[in-house]
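Under the numbering used here, read the sequence shown as residues 239 to 771, first letter to last.
To start, the structure under review is shown below, and the notes come after it.
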Amino acid sequence: MLRSKMFALLLLFLLSISWEATSDLAHENFLQCLLNHSQPSYPISTAIYTPNNDSYSSVLQSYIRNLRFNMSTTPKPLLILTALHESHVQAAIICAREHNLQMKIRSGGHDYEGVSYVSDVPFFVLDMFNLRSIDVDVASETAWIQVGATLGEVYYRVSEKSKAHGFPAGVCPTVGVGGHFGGGGYGNMMRKYGLSVDNIIDAKMVDVNGRLLDRKSMGEDLFWAITGGGGSSFGVVLAYKINIVRVPEVVTVFRVRRTVDQNATDIVEQWQQVAYNIDDDLFIRLTMDVVNSTTRIGENTVRTTFRALFLGDSERLLSIMNASLPKLGLLRSDCIEMSWLESVLFWTDFPLGTPTDALLSRTPQSLTYLKRKSDYVQKPIPRDGLEGIWKKMIELQVPQLTFNPYGGKMWEIPATERPFPHRAGNLWKIQYATNWNEGGQEVANYYIDLTRQLYSYMTPFVSKNPRQAFLNYRDLDLGINHNGKESYLEGRVYGIKYFQENFNRLVKIKTKVDPGNFFRNEQSIPTFPYRKK
């Protein structure tokens with residue numbers, strides 16, 4: 239008996255050595271393939287970081303924006319390719335296909351679930367942060383932006399060329415263009431100008447065969463798919479061409495806080511009736527969190543924060559607010575006039591007076607462990623519903639809710655115009671946000687469960703059949719694709735929630751342009767299942 243156990247252990251040991259040797263050889267062959275495809279003018283060797291390289295860890299960690307995926311137990315890539323030229327992207331695709339290695343594509347690293355730089359199978363990261371050029375042409379009101387640029391860099395460079403222009407995208411300046419645009423991209427000008435993808439007019443990408451394509455050569459179907467359907471399911475997008483939009487010389491912002499003890503419930507009731515149909519120049523975000531009560535010692539209460547961007551001066555803003563949302567009691571002293579670029583800093587909680595070149599920093603103001611989820615609301619929540627939500631939030635304490643109002647341009651654009659389908663009929667989008675500062679899986683499970691509890695509690699108040707979700711707020715709770723025989727069925731579970739009626743069109747395009755499902759991840763667009771004739 240002992241002899242057979244020892245033999246089994248020896249066999250297992252020899253097999254593991256054999257597997258490791260085979261695996262190491264495969265990795266060496268992949269590395270050699272990259273070097274073989276290197277162009278003399280653009281050597282690829284300087285862009286490759288393996289675990290043997292002293293800078294490997296710093297390169298990997300420099301664009302991890304969720305500390306949940308920066309643990310010693312987090313799977314690490316076999317190598318990181320920090321592409322410096324489009325030929326490096328082409329080589330990565332060709333060699334990864336040849337050696338059957340999974341490729342993860344990262345631009346800014348803000349994927350909430352770490353999908354752009356983590357995998358449970360052997361993989362490497364194609365890191366796009368070096369491809370960050372921004373070419374603004376004010377005369378034609380357009381700009382070419384490489385996907386490794388950050389939103390802060392885009393805003394700064396557009397404003398540098400023209401104070402009368404901006405671009406509708408997210409409020410976090412360190413978010414990468416690639417993932418943001420690929421998933422739709424929204425910000426505080428969406429009621430006026432729609433999503434980021436509603437203002438994209440061309441793109442450059444490398445397909446599964448290593449071909450460099452633009453809108454004309456890729457065709458309208460593929461162009462449609464990469465403007466909101468998750469670009470990394472279809473190829474590697476290198477750059478997008480955008481229409482920049484007009485902004486006034488002076489905009490106005492405010493941030494007003496009211497607790498439930500200060501009649502916040504009355505104000506939220508009124509906000510629900512007007513936020514989605516108020517003047518298109520005005521965007522009022524509502525955030526709710528739990529704080530200590532100032533009137534009931536030792537108890538907690540819910541605090542509401544109304545943060546706004548108005549594309550105009552304070553006088554006109556006050557007139558609109560007094561007519562539409564008088565219960566907030568907005569005062570002139572609450573209103574701050576500034577340039578549009580300065581408003582980006584205000585929305586990111588930089589102190590007033592911070593120089594605008596702070597937007598060029600790629601270092602986030604803070605890093606935490608986090609979990610995010612999303613929902614859509616299609617009818618106002620009744621007062622007793624709101625009061626129940628306050629009670630649940632106080633019970634859970636940590637998760638926050640943010641309501642982002644729709645209407646305006648968002649309702650004018652058909653649901654099939656882009657893969658992003660959440661248009662007319664959606665009053666606002668909900669983000670569930672939970673942050674914590676302690677590592678460990680047990681701690682993470684605790685806070686993730688709190689988020690799921692609040693999400694579950696909100697079920698009666700949100701969209702149904704399907705319960706919609708926003709791709710940029712990546713949430714693996716909605717389903718995971720193992721990219722095997724059940725890929726289409728697994729993909730449909732989350733795909734319908736993210737894309738609704740646009741899902742099957744995305745699958746059809748995916749099946750045509752990437753039939754072997756090379757561009758895949760835990761929530762990628764699947765191909766249609768193969769059927770024998």
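Cβ coordinates follow ideal geometry from the N, Cα and C atoms, glycine included.
Just so we're clear, the structure is a prediction, and the values are computed from it rather than from any experiment.
Distance between residue j and residue i (C-alpha atoms, nearest Å)
i      : j      : result
Ile439 : Leu476 : 14 Å
Trp666 : Leu273 : 50 Å
Gly466 : Arg656 : 6 Å
Thr697 : Pro704 : 12 Å
Gln603 : Arg712 : 21 Å
Pro593 : Lys630 : 40 Å
Asn664 : Phe419 : 21 Å
Arg453 : Pro767 : 28 Å
Ser354 : Asp373 : 26 Å
Pro589 : Val392 : 21 Å
Arg610 : Asp518 : 28 Å
Ala259 : Ala596 : A caution first: Ala259 carries a pLDDT of 49, below 50, which makes its placement in the model too unreliable to give a value.
Ser552 : Leu598 : 28 Å
Asn267 : Leu322 : 22 Å
Val483 : Val444 : 28 Å
Asp582 : Glu379 : Reading off the sequence, residue 582 comes out as Val, not Asp. Cα to Cα, Val582 sits roughly 20 Å from Glu379.
Asn710 : Phe658 : 10 Å
Tyr280 : Leu364 : 16 Å
Gln635 : Pro643 : 24 Å
Lys770 : Lys723 : Low per-residue confidence applies at Lys770: pLDDT is 49, beneath 50, and the placement is therefore not dependable enough to give any value.
Asn515 : Ser296 : 47 Å
Leu555 : Asp572 : 11 Å
Arg788 : Gly469 : Coverage of the chain is limited to positions 239 through 771, which leaves residue 788 absent and any answer about it impossible.
Tyr614 : Gln706 : 6 Å
Lys342 : Leu319 : 10 Å
Leu605 : Gln669 : 18 Å
Thr601 : Ile574 : 27 Å
Residue i (DSSP reduced to helix, strand or coil)
i      : result
Asn481 : strand
Val528 : strand
Leu451 : strand
Phe461 : helix
Asp375 : strand
Lys702 : coil
Gln616 : coil
Arg730 : helix
Phe766 : coil
Ala502 : helix
Ala329 : helix
Gln510 : helix
Leu611 : For clarity, residue 611 is Lys in the given sequence; the question names Leu instead. DSSP places Lys611 in strand when its eight states are reduced to three.
Beta carbon of residue i nearer than 8 Å to that of residue j
i      : j      : result
Lys748 : Ile734 : no
Ser562 : Val498 : no
Arg541 : Arg495 : yes
Phe362 : Leu317 : yes
Ala387 : Val413 : no
Arg395 : Thr503 : no
Leu524 : Phe699 : no
Asn719 : Gly729 : yes
Gln328 : Val359 : no
Val446 : Phe584 : no
Ile282 : Gly347 : no
Asn683 : Ser725 : no
His265 : Cys333 : no
Tyr478 : Ile632 : no
Leu624 : Glu351 : no
Residue closest to residue i, alpha-carbon to alpha-carbon, out of the options
i      : options                           : result
Val376 : Pro659, Thr533, Glu398 and Val359 : Glu398
His403 : Trp578, Leu688, Gln299 and Tyr514 : Trp578
Thr311 : Ala381, Ser357 and Leu322         : Ser357
Ser325 : Trp509, Leu451, Leu549 and Asp613 : Leu451
Pro637 : Leu608, Thr601 and Asn664         : Leu608
Gly567 : Arg493, Ile331, Asp349 and Gln706 : Arg493
Ile651 : Ala285, Asp436, Tyr684 and Leu709 : Asp436
Glu580 : Asn673, Val485, Ala653 and Lys647 : Val485
Gln761 : Gln738, Asp752, Asn721 and Glu739 : Asn721
Val488 : Lys401, Met456, Pro278 and Ser455 : Lys401
Cys271 : Ile331, Pro411 and Pro313         : Ile331
Ala671 : Asp687, Arg661 and Ala662         : Asp687
Asp752 : Thr765, Asn740 and Asn759         : Thr765
Gly775 : Lys442, Gly457 and Phe521         : Because the chain here runs from 239 to 771, residue 775 falls outside it and cannot be looked at.
Met648 : Met309, Ala381, Gly423 and Met526 : Gly423
Gly550 : Met427, Asn338 and Leu716         : Met427
Short CB-CB distance (under 8 Å) between residue i and chain B
i      : result
Arg523 : Given the protein chain composition of this structure (a single chain), no chain B is represented.
Exercise. Mind listing, in chain order, the continuous alpha helix (DSSP H) runs of no fewer than 4 residues lying wholly within the segment 666 to 724?
Key: 679 to 695
Self-check item: Continuous alpha helix (DSSP H) assignments of at least 4 residues falling wholly in the segment 265 to 323
Solution: 294 to 299
Exercise. Scan the segment 550 to 632 and note each continuous beta strand (DSSP E) run of 3 residues or more that stays entirely inside, going in chain order.
Key: 574 to 576 and 607 to 615
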